[in-house]
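Peer 1:
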Amino acid sequence: MSNLWMPFTQMSSAAEPEWVERGEGAWIYLKDGRKVFDAISSWWVTLHGHGRPEIAEAIYRQALKLEQVIAAGFTHQPAQDLARRLVEMLPEGLSRVFYSDNGSTSTEVALKMAFQYWRNRRTPRRDKFLALEGGYHGDTLGAMSVGDPDLFSPVFKPLLFDCHRLPVPHTFWGVNDIEEREAAALQAAKEALEADPEGYAALIVEPLVQGAAGMKMFRPGWLKALVELARSYGVLVIFDEVMTGFGRTGSLFACEQAGVTPDLICLSKGLTGGTMPLSVTVANEQVFAAFLGDQNSPEDPTFYHGHSYTANPLGCAAALASMDILLAEPRYLDLGEGHQGGLKSLEGHPRLSQLRTQGTIAAMQWAPAPGARYNDGAALKVAFLERGFILRPLGPSLYIIPPYCTTPDELAQVYRTIGEVLDQ
Ligand code: PLP
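Convert by adding 10 to the 1-based position in the sequence shown; the result is the number in the numbering used here.
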């Protein structure tokens, strides 16, 4: 009997997990000899493919030198180098790097910073958050509070704080009323802000693509307008680029396409190329400055937050090696064309609608057909796996988010398999 308790899994009825022996490129090799194509980059983290020797060697070399050290009062080269290189890579203005361990903690940190920012600025009335319907920011309690409650188990609702959620004008192939929907969504945001013009601490957004909602996409122009609107009411802007960062949406960061620089940005998943758990919350100078002051005063403005593994040297070394690969071979730029062709090949399929793509990500809505062999998400998942592909529908959304090393032939094969499975 296994001692595992797996995430998001009902253990009484769970199938035996697939036993993975090793990974190489976009492929995962199972203990029983099968190999499967990782079309979801292992929960969206694997950037350059599995088993990149440059990253493995960087981790090994760092482990021989220093594997971990307390991050308060001590620092080390990889943490310093990574912070500097992130700041160089990010849009100008984001300059203060706060390390944590995973996507949820990076958003939790951003929310706490935004909340305390207004306390430190003697404006405690600004204590509420704005977020988007369908948003997902992680599984810790603050992150869940600003996430869409429908994405979580209702059991936790009593523990969450209030958040106002705004409608999102999603786009996909064939949508024709997008301008009207964008205008209506902006109007709803304006009404929310007008109703409490000095009550909001921050707006938190997954820019361009809402991952856990099912890779729902919206246009950069609308995002820019929303950010400008929020800022006209003095609200801080947090971009949760935990999933969209490091090339996923076709630019290094999604915010570049919207032409806006948030006050706080959250990065994780692709930060280490998908090798080590690490995240950062990067703030601008204005936010950082609000935390400077006398620690011994009653209003002590210090940010009291930290984790045992903050700025772990192995994670930082992995992130530096991943960054080198990303900048030397920006292969994320190549996947867009393959997705366009693949989606075209599925256009008109009677069980598919709302085909959409953004950079390295593609998605569609699928519907069960009467009498179809594969008519729920779990059955689809199994059918894909039987054919050698890891694809996991999120409810009615089916998405592809492959590692950047995926070849055009491999991507075309993913699309052919989706078509074949849905034909049945
Ligand atoms: N934010 C976004 C946009 C995410 O997609 C996720 C995870 O999927 C998270 C936060 C949480 O990250 P983690 O699972 O590393 O805690």
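Ideal Cβ positions, reconstructed from N, Cα and C, are used throughout, including at glycine.
A quick note: this is a predicted structure, and the numbers were derived from the prediction, not measured.
What residue range is occupied by the uninterrupted beta strand (DSSP E) comprising residue 419?
Peer 2: Numbered from its first residue, the sequence shown carries residue 419 at position 409. Where residue 419 is concerned, there is no enclosing beta strand (DSSP E), although the alpha helix (DSSP H) it sits in stretches over 418 to 433.
Peer 1: Give me, in chain order, the residues of the same chain whose beta-carbon lies closer than 6 Å to that of residue 312; leave out the 5 immediate sequence neighbours on both sides.
Peer 2: Position 302 of the sequence shown, counting from 1, holds the residue named residue 312. The residues are 305.
Peer 1: Tell me the DSSP bridge mates of residue 399?
Peer 2: As a position in the sequence shown, residue 399 is number 389, starting the count at 1. Its beta-bridge partners are 47.
Peer 1: Within 10 angstroms of its Cβ, does residue 257 collect 16 or more other Cβ (buried), or is it exposed?
Peer 2: For the purposes of this step, residue 257 is taken as residue 247 along the sequence shown, with counting starting at 1. With 16 or more Cβ atoms within 10 Å of its Cβ, residue 257 is classed as buried.
Peer 1: What does the alpha-carbon distance come out to for the pair residue 323 and residue 329?
Peer 2: On the sequence shown, position 313 is the one that residue 323 refers to. On the sequence shown, position 319 is the one that residue 329 refers to. So the alpha carbons of these two residues sit roughly 10 Å apart.
Peer 1: Would the beta-carbon of residue 155 be found less than 7 Å away from any heavy atom of ligand 1?
Peer 2: Within the sequence shown, residue 155 is the residue found at index 145, counting from 1. Residue 155: no, Cβ never under 7 Å from ligand 1.
Peer 1: Using the Cβ count rule (16 or more neighbours within 10 Å means buried), how would you classify residue 135?
Peer 2: Along the sequence shown, one-based indexing puts residue 135 at 125. Exposed, by the Cβ-count rule.
Peer 1: Find out if the Cβ-Cβ distance for the pair residue 337, residue 416 is shorter than 8 Å.
Peer 2: Residue 337 sits at position 327 when you count from the first residue of the sequence shown. Residue 416 sits at position 406 when you count from the first residue of the sequence shown. No, the Cβ-Cβ distance between residue 337 and residue 416 is not below 8 Å.
Peer 1: Between 75, 74, 118 and 41, which lies nearest to residue 315 when the distance is taken from Cα to Cα?
Peer 2: Here residue 315 refers to the residue found at position 305 when the sequence shown is read from its first residue. Comparing Cα positions, the closest option is 118.
Peer 1: Rounded to the nearest angstrom, how far is the Cβ of residue 384 from that of residue 431, given a contact under 8 Å?
Peer 2: The residue given as residue 384 occupies position 374 in the sequence shown. The residue given as residue 431 occupies position 421 in the sequence shown. Confirmed, Cβ separation roughly 6 Å.
Peer 1: Is the beta carbon of residue 302 less than 8 Å from the beta carbon of residue 291?
Peer 2: Within the sequence shown, the letter at position 292 stands for residue 302. Within the sequence shown, the letter at position 281 stands for residue 291. Going by C-beta atoms, residue 302 is not nearer than 8 Å to residue 291.
Peer 1: Please report how far the alpha carbon of residue 177 lies from the alpha carbon of residue 272, in whole angstroms.
Peer 2: Locating residue 177 in the sequence shown gives position 167, counting from the first residue. Locating residue 272 in the sequence shown gives position 262, counting from the first residue. If you take the alpha carbons of residue 177 and residue 272, they lie about 20 Å apart.
Peer 1: Counting Cβ pairs, one atom from each stretch, are 3 or more of them under 8 Å apart for the region 215 to 230 and the region 178 to 190?
Peer 2: Yes, the region 215 to 230 is in contact with the region 178 to 190.
Peer 1: Can you give me the Cβ contacts of residue 157 inside the same chain, cut-off strictly under 6 Å, excluding the 5 residues immediately before and after it?
Peer 2: One-based indexing of the sequence shown puts residue 157 at position 147. Taken in chain order, the residues that qualify are 145, 146 and 147.
Peer 1: For residue 211, which residues in the same chain have their Cβ closer than 8 Å to its Cβ, ignoring the five residues on either side in sequence?
Peer 2: Residue mapping note: residue 211 aligns to position 201 of the sequence shown, counting from 1. The answer, listed in chain order, is 124, 125, 127, 128, 136, 137, 138, 139, 245 and 246.
Peer 1: Name the DSSP beta bridge partners of residue 173, please?
Peer 2: Against the sequence shown, residue 173 aligns to sequence position 163. 139.
Peer 1: Which residues in the same chain as residue 175 place their Cβ atom closer than 6 Å to its Cβ, once the five residues preceding and following it in sequence are excluded?
Peer 2: Within the sequence shown, the letter at position 165 stands for residue 175. Excluding residues within five positions, the ones whose Cβ falls inside 6 Å are 141 and 143.
Peer 1: Our contact map puts residue 149 next to residue 114 with C-beta atoms below 8 Å; I'd like the distance itself, whole angstroms only.
Peer 2: The residue labelled residue 149 in the question sits at position 139 within the sequence shown. The residue labelled residue 114 in the question sits at position 104 within the sequence shown. Right, the Cβ-Cβ distance comes to about 5 Å (below 8 Å), so this counts as a contact.
Peer 1: Tell me which same chain residues have a C-beta within less than 8 Å of the C-beta of residue 233, skipping the five on either side of it?
Peer 2: Here residue 233 is taken as the residue at index 223 of the sequence shown, counted from 1. So the list reads 215, 217, 218, 268 and 270, once near-sequence residues are dropped.
Peer 1: Below 7 Å CB to CB, which residues in the same chain sit around residue 96 once its five sequence neighbours on both sides are set aside?
Peer 2: Counted from its first residue, the sequence shown places residue 96 at position 86. Here the set comprises 107, 290 and 292.
Peer 1: Measuring only the C-alpha atoms, how far is residue 165 from residue 151?
Peer 2: Taking the first residue of the sequence shown as position 1, residue 165 is located at position 155. Taking the first residue of the sequence shown as position 1, residue 151 is located at position 141. Roughly 12 Å separates the two Cα atoms.
Peer 1: If contact is defined by three or more beta carbon pairs under 8 Å, each pair taking one atom from either stretch, is the region 258 to 266 in contact with the region 31 to 46?
Peer 2: Counting Cβ pairs under 8 Å, fewer than three are found: no touch.
Peer 1: Measure the CB-CB distance between residue 279 and residue 29 and report whether it falls below 8 Å.
Peer 2: Walking along the sequence shown from the start, residue 279 turns up at place 269. Walking along the sequence shown from the start, residue 29 turns up at place 19. For residue 279 and residue 29, no; Cβs fall outside 8 Å.
Peer 1: From what residue to what residue does the beta strand (DSSP E) around residue 291 run?
Peer 2: Reading the sequence shown from its first residue, position 281 is the one you call residue 291. Per DSSP, residue 291 belongs to the beta strand (DSSP E) from 289 to 294.
Peer 1: Looking only at C-alpha atoms, which of 335, 326 and 15 sits nearest to residue 79?
Peer 2: For this step, residue 79 is matched to residue 69 along the sequence shown. Out of 335, 326 and 15, 326 has the C-alpha closest to the C-alpha of residue 79.
Peer 1: Excluding the 5 residues preceding and the 5 following residue 369 in the sequence, name in chain order all residues of the same chain whose CB lies nearer than 8 Å to its CB.
Peer 2: Counting from one through the sequence shown, the residue named residue 369 turns up at place 359. Taken in chain order, the residues that qualify are 257, 258, 259, 260, 261, 342, 345 and 346.
Peer 1: Can you tell me which of the three DSSP states residue 326 falls into?
Peer 2: In the sequence shown, residue 326 corresponds to position 316, counting from 1. Here residue 326 sits in helix by DSSP.
Peer 1: When the Cα of residue 112 is compared with those of 407, 250 and 339, which residue comes out closest?
Peer 2: Sequence index remark: in the sequence shown, residue 112 carries index 102 (1-based). Here the closest residue by C-alpha is 250.
Peer 1: Do you know whose CA, among 85, 407, 376 and 388, lies nearest residue 24's CA?
Peer 2: Along the sequence shown, one-based indexing puts residue 24 at 14. Taking only the C-alpha atoms, the option nearest residue 24 is 388.
Peer 1: According to the neighbour-count rule (16 or more other Cβ atoms, all chains shown, within 10 Å of its Cβ), is residue 169 buried or exposed?
Peer 2: On the sequence shown, residue 169 is found 159 positions in, with the first residue counted as 1. By the neighbour-count rule (16 or more Cβ atoms within 10 Å), residue 169 is not buried but exposed.
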